[in-house]
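In terms of the numbering used here, the sequence shown opens at residue 97 and continues consecutively.
Here the structure comes first, spelled out in structure tokens, and everything after it is commentary.
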Amino acid sequence: MQIYNTLTRNKEELKSRQVKMYTCGVTVYDDCHIGHARSLYIFEVIRRYLEYRGVEVKFVRNITDIDDKIINRARELGIGWKELVDKYIKSYYEDLGLLGIRLGLSDGKEEPRATKNIPDMIKYIEDLIAKGYAYATDSGVYFSVRKFKDYGKLSGQSIDQMLTGVRKEADETKEDPLDFALWKLSKPDEPSWDSPWGKGRPGWHIECSVMSQKFLDTDTLDIHAGGRDLIFPHHENEIAQSETRTGKPFAKAWIHHGLLTINGQKMAKSLGNFVTIKDFIDKYHDADILKLFFLSAHYSNHIDYNEDKIEESKKQKKSFNKFFHEANS
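Pasting the structure below:
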């Protein structure tokens, strides 16, 4: 099996008979939309194909259950953040069932939650500080990007190119605009955990490094997967902090899927084109139609969702049904 490796920018043969694969999961502050569905389904197909070829796959997909988006959404709805998280984790597992995607193991090893692994994240950050690659400020702990000489190797960008895309930070305690948060000190009304730097919560990037290496039990993953929108800064930051800590490559291969648009536009609630997985099932009553739509484009390409393409997928499903009915009669 050949895969396109974003890191090397080449197609590479996957020869190993044992593969440790990690994919970035959802942040549980709302119902999953069809963009999430594409990511979930694509990597489930890759996982199952590898297993079909006799490869032993150890697969981990995380759940981000603490994040600024979660805190802000809970405030918006006037409920506690834990109540919000529990509601949308339940909804997420329902969506996996609707799509026929295997659920995580009951012991949590396939669907690790960030909040269940915070002590490991604190230890990870302490190691980065001890190595001189991270520093504490009055607002949290940050990773010193410029000290990691290979920063930008995944996205293929220079420091100057990356700086143009960095939003202006209100936090002036950072030594460099590119430095990213490993630990965020919390305000009095925000969820927090004790740490050597004060009460706070982990940054988004550290969550994935810790959970992928912990639950796959390795410093070097065989495959790290996610959407193309995560290449920078998320995956770039994962590489920097992980390789700094271990001195080893973080992942041998990086697989990224293209993004999903709706009628040529980015999906957004403000545009009125936000389609959840449950919305789709309520309308078409068949997850196979959505899956056939996803399979109509190469996983690495962008795909546009529109009624014409869904009609094509409905016709394909009808043709498949007719074929199997005739074959079995």
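Each residue gets a CB set at the ideal place from its N, CA and C atoms; glycine is no exception.
Residue i versus residue j - alpha carbon distance
| i | j | result |
| --- | --- | --- |
| Ile302 | Gln412 | 43 Å |
| Thr372 | Pro292 | 40 Å |
| Lys405 | Gly360 | 13 Å |
| Gly121 | Asp382 | 23 Å |
| Leu317 | Phe155 | 10 Å |
| Glu190 | Arg242 | 43 Å |
| Leu367 | Leu274 | 31 Å |
| His320 | Val237 | 25 Å |
| Ala423 | Leu355 | 37 Å |
| Ser240 | Phe376 | 43 Å |
| Ile185 | Phe370 | 19 Å |
| Lys116 | Asp256 | 34 Å |
| Leu386 | Arg149 | 25 Å |
| Val151 | Asp272 | 44 Å |
| Gly176 | Ser135 | 29 Å |
| Asp290 | Glu222 | 14 Å |
| Ser187 | Leu199 | 13 Å |
| Cys128 | Ile138 | 15 Å |
| Leu192 | Arg143 | 15 Å |
| Lys374 | Arg105 | 36 Å |
| Ile99 | Gly174 | 45 Å |
Buried or exposed (CB count within 10 angstroms, at least 16 for buried), residue i
| i | result |
| --- | --- |
| Ser112 | exposed |
| Thr269 | exposed |
| Phe420 | exposed |
| His394 | exposed |
| His398 | exposed |
| Ser425 | exposed |
| Ser305 | buried |
| Leu326 | buried |
| Leu259 | exposed |
| Tyr145 | exposed |
| Asn213 | buried |
| Met217 | buried |
| Lys280 | buried |
| Leu224 | buried |
Residue i versus the options, residue with shortest Cα-Cα distance
| i | options | result |
| --- | --- | --- |
| Thr342 | Ala321, Met117, Tyr220, Ile166 | Tyr220 |
| Ala170 | Arg209, Pro287, Asn158 | Pro287 |
| Tyr247 | Pro345, Glu422, His381, Val122 | Pro345 |
| Gly299 | Glu190, Met363, Phe416, Ala210 | Ala210 |
| Pro439 | Leu274, Leu278, Gly296, Ala277 | In the structure displayed, the chain extends from 97 to 425; residue 439 sits before or after that span and is not available. |
| Ile197 | Glu140, Pro208, Trp279 | Glu140 |
| Phe390 | Tyr125, Ile167, Ile130 | Ile130 |
| Pro208 | Glu403, Phe416, Arg157, Ala277 | Arg157 |
| Leu278 | Tyr184, Phe370, His330, Gly323 | His330 |
| Asp384 | Lys410, Asp375, Lys362 | Lys410 |
| Gly322 | His132, Gly150, Lys414 | His132 |
| Leu103 | Lys379, Glu332, Met258 | Glu332 |
| Lys379 | Lys362, Glu403, Leu180, Ser392 | Glu403 |
| Tyr125 | Gly294, Glu108, Phe328, Ile167 | Ile167 |
| Glu147 | Ile138, Lys178, Gln114 | Gln114 |
| Thr123 | Asp267, Thr357, Lys183 | Lys183 |
| Ser282 | Lys245, Ser235, Arg324 | Ser235 |
Range covered by the alpha helix (DSSP H) that runs through residue i
| i | result |
| --- | --- |
| Asn213 | Unbroken run through Asn213: none, as it is neither H nor E. |
| Thr316 | Per DSSP, Thr316 belongs to no alpha helix (DSSP H) and is neither H nor E. |
| Val181 | 177-195 |
| Phe389 | 383-390 |
| Val237 | No alpha helix (DSSP H) holds Val237; the beta strand (DSSP E) holding it covers 236-239. |
| Arg431 | Here the chain covers residues 97 to 425 and nothing more, so residue 431 does not appear. |
| Arg297 | Not the alpha helix (DSSP H): Arg297 falls in the beta strand (DSSP E), residues 296-298. |
| Glu422 | 403-424 |
| Asn333 | 332-342 |
| Tyr137 | 130-148 |
| Met258 | 255-260 |
| Asp375 | 373-380 |
Residue i, enclosing beta strand (DSSP E) - first and last residue
| i | result |
| --- | --- |
| Asn106 | 106-109 |
| Gln114 | 114-119 |
| Ala349 | 347-353 |
| Ala277 | 276-281 |
| Leu356 | 356-358 |
| Asn101 | 98-101 |
| Ala230 | 230-232 |
| Glu152 | 152-157 |
Heavy atom of the ligand FAD within 8 Å of residue i beta-carbon
| i | result |
| --- | --- |
| Glu408 | For the structure depicted, the ligand FAD is absent and the ligand set is empty, with no information on it obtainable. |
Any chain E beta carbon closer than 9 Å to residue i
| i | result |
| --- | --- |
| Phe276 | No chain E is part of this structure, which consists of one protein chain only. |
Counting pairs of beta carbons, one from the region 348-355 and one from the region 159-172, are three or more of them closer than 8 Å? no
Stretch-stretch touch, CB-based, cutoff 8 Å, three pairs: the region 330-341 with the region 216-234: yes
State whether the region 299-314 contacts the region 243-258, with contact taken as three or more CB pairs (one from each stretch) at a distance under 8 Å. no
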